[in-house]
Amino acid sequence: MLNIEKKAEGTNLEVKLTGRLDTVTAPQLEGAIKESIEGVTDLSFDFSELEYISSAGLRVLLAAQKIMNKQGTMAVRNVSDEVNEIFEVTGFTDILSIE
Amino acid sequence: MKELVITAETKNLDEVMTFVDTFLEEAECSMKAQMQIDLAVEEIFVNIASYAYAPGTGPATIRVGLTDDGSVFVIELIDQGVPYNPLAKEDPDITLSAEERKIGGLGILLTKKSMDDVQYEYANGSNILTLRKSIR
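Heads up: the protein sequence lines correspond to chains A and B, in order.
Going letter by letter, the first sequence gives residues 1 to 99 in the numbering used here.
Going letter by letter, the second sequence gives residues 1001 to 1136 in the numbering used here.
Dropping the structure here:
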């Protein structure tokens, strides 16, 4: 189960995720980003309620980061220790701006 | 050991996770270890669902148990698809930038890093991957 809450303001987009970002739910996030990312210069993710992320979720974040490298900035906020450990093991701490 | 036999399809992932998590909760597994085990099981099951019987599908068998003293979780993931040792694959380079990174290839790395021990065996026409993880 994943709940995706999007807040758009001008060219800012904030995406709050609640639940699990896994093989089953990652396509939902991919679709949500795809439909909203055009023209966005400031993309941020709020992970305060994200319990779990698997490699399928990492793939979606990497794809979003690649898009944002061309058109603005991307930040990931309020990452739990467990999720952060996965970012560390996979080298994502060097790719993402984790705040 | 408890056993689940299920069609290896991604849409069955939730059922697999429920089977594993129910066992781990009864075993009083720590939250951190449970998340790491979930990660590994997801990666391996999705691999089986995606590749073992491609383009068709077939069964996956998942057996879970604990060592005698109850401190180590043991899980076997078994399929009768094409022989494939996921551990033989080279790890992706995790020092590359976002632009240089390929999308994917992280699943097995995550599995190896989050488990205490991962072993592959091919026997009687089956791929058998055995994972071990301390749950305390």
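Ideal Cβ placement from N, Cα and C applies to all residues, glycine included.
Note that the coordinates shown come from a computational prediction; the quantities given were computed from them, not determined experimentally.
Item checked: Reduced DSSP secondary structure (H/G/I, E/B, other) of Ser1030 (chain B) -> Within the second sequence, numbered from 1, the residue matching residue 1030 (chain B) stands at position 30. Coil.
Check: For Ser1071 (chain B), which residues in chain A fall below 7 Å Cβ to Cβ?
Finding: Along the second sequence, one-based indexing puts residue 1071 (chain B) at 71. Chain A residues near Ser1071 (chain B): none, gap ~21 Å exceeds 7 Å.
Checklist line | Which of helix, strand or coil DSSP assigns to Arg1132 (chain B) | finding: For the purposes of this step, residue 1132 (chain B) is taken as residue 132 along the second sequence, with counting starting at 1. In the three-state DSSP reduction, Arg1132 (chain B) falls in the strand class (E or B).
Item checked: Contact residues within the segment 2-18 of chain A, judged by C-beta distance below 7 Å to chain B -> Listed by position along the chain: nothing, the set is empty.
Checklist line | Proximal residues, the segment 1097-1108 of chain B versus chain A, C-beta separation under 8 Å | finding: Among the residues of the segment 1097-1108 of chain B, those with a Cβ less than 8 Å away from any Cβ of chain A are Ser1097, Ala1098, Glu1099, Arg1101, Ile1103, Gly1104, Leu1106, Gly1107, in the order of the chain.
Check: If Gly57 (chain A) and Asp22 (chain A) are in contact, beta carbons under 8 Å, what's the gap, nearest whole angstrom?
Finding: Position 57 of the first sequence, counting from 1, holds the residue named residue 57 (chain A). Position 22 of the first sequence, counting from 1, holds the residue named residue 22 (chain A). Between Gly57 (chain A) and Asp22 (chain A), the beta carbon gap of about 7 Å places them in contact (Cβ cut-off 8 Å).
Margin query: Is it buried or exposed, Asn1124 (chain B), if we count other Cβ atoms within 10 angstroms and call 16 or more buried?
Written below: Position 124 of the second sequence, counted from the first residue, corresponds to residue 1124 (chain B). Flag for Asn1124 (chain B) reads exposed.
Notebook entry, point to check: With distances taken from CA atoms, which of A:Arg20, A:Ala8, A:Asn12 is nearest Ser48 (chain A)?
Noted result: Mapped onto the first sequence, residue 48 (chain A) falls at position 48. Looking at A:Arg20, A:Ala8, A:Asn12, the one whose alpha-carbon comes closest to that of Ser48 (chain A) is A:Arg20.
Check: So, helix, strand or coil for Glu99 (chain A), using DSSP?
Finding: Translated into positions along the first sequence, residue 99 (chain A) becomes position 99. In the three-state scheme derived from DSSP, where H, G and I count as helix and E and B as strand, Glu99 (chain A) is classed as coil.
Check: Leaving out the 5 sequence neighbours to the left and right, which residues in its chain are closer than 7 Å to Glu1015 (chain B) when beta-carbon positions are compared?
Finding: Residue 1015 (chain B) sits at position 15 when you count from the first residue of the second sequence. Counting only Cβ-Cβ distances below 7 Å, and skipping sequence neighbours, we find Ile1006.
Checklist line | alpha helix (DSSP H) segment containing Gln71 (chain A), residue limits | finding: Walking along the first sequence from the start, residue 71 (chain A) turns up at place 71. Counting along the chain, the alpha helix (DSSP H) containing Gln71 (chain A) begins and ends at 55-71.
Check: Which chain A residues sit within Cβ distance under 7 Å of Met1035 (chain B)?
Finding: As a first step, residue 1035 (chain B) must be located in the second sequence, where it is residue number 35. The contacting residues are Tyr52, Glu82.
Check: Is it the case that the Cβ atoms of Gly72 (chain A) and Asp46 (chain A) are separated by a distance below 9 Å?
Finding: Taking the first sequence and counting its residues from 1, the one referred to as residue 72 (chain A) is at position 72. Taking the first sequence and counting its residues from 1, the one referred to as residue 46 (chain A) is at position 46. For the 9 Å CB-CB criterion, Gly72 (chain A) and Asp46 (chain A) do not form a contact.
Item checked: C-alpha distance - Ala26 (chain A) paired with Gly1056 (chain B), whole-angstrom precision -> Translated into positions along the first sequence, residue 26 (chain A) becomes position 26. Translated into positions along the second sequence, residue 1056 (chain B) becomes position 56. Cα to Cα, the separation comes out at about 23 Å.
Item checked: Thr23 (chain A) - containing alpha helix (DSSP H), residue span -> Start at 1 with the first residue of the first sequence, and residue 23 (chain A) comes out as number 23. From DSSP, Thr23 (chain A) is part of no alpha helix (DSSP H); its letter is neither H nor E.
Item checked: Per-residue DSSP class, three states only, for Val79 (chain A) -> Numbered from its first residue, the first sequence carries residue 79 (chain A) at position 79. In the three-state scheme derived from DSSP, where H, G and I count as helix and E and B as strand, Val79 (chain A) is classed as coil.
Next item on the list: Taking only the alpha-carbon atoms, compute the straight-line gap between Arg59 (chain A) and Lys66 (chain A) and give it to the nearest angstrom.
Entry: Locating residue 59 (chain A) in the first sequence gives position 59, where the first residue counts as 1. Locating residue 66 (chain A) in the first sequence gives position 66, where the first residue counts as 1. Near 11 Å, if we compare the C-alpha coordinates of Lys66 (chain A) and Arg59 (chain A).
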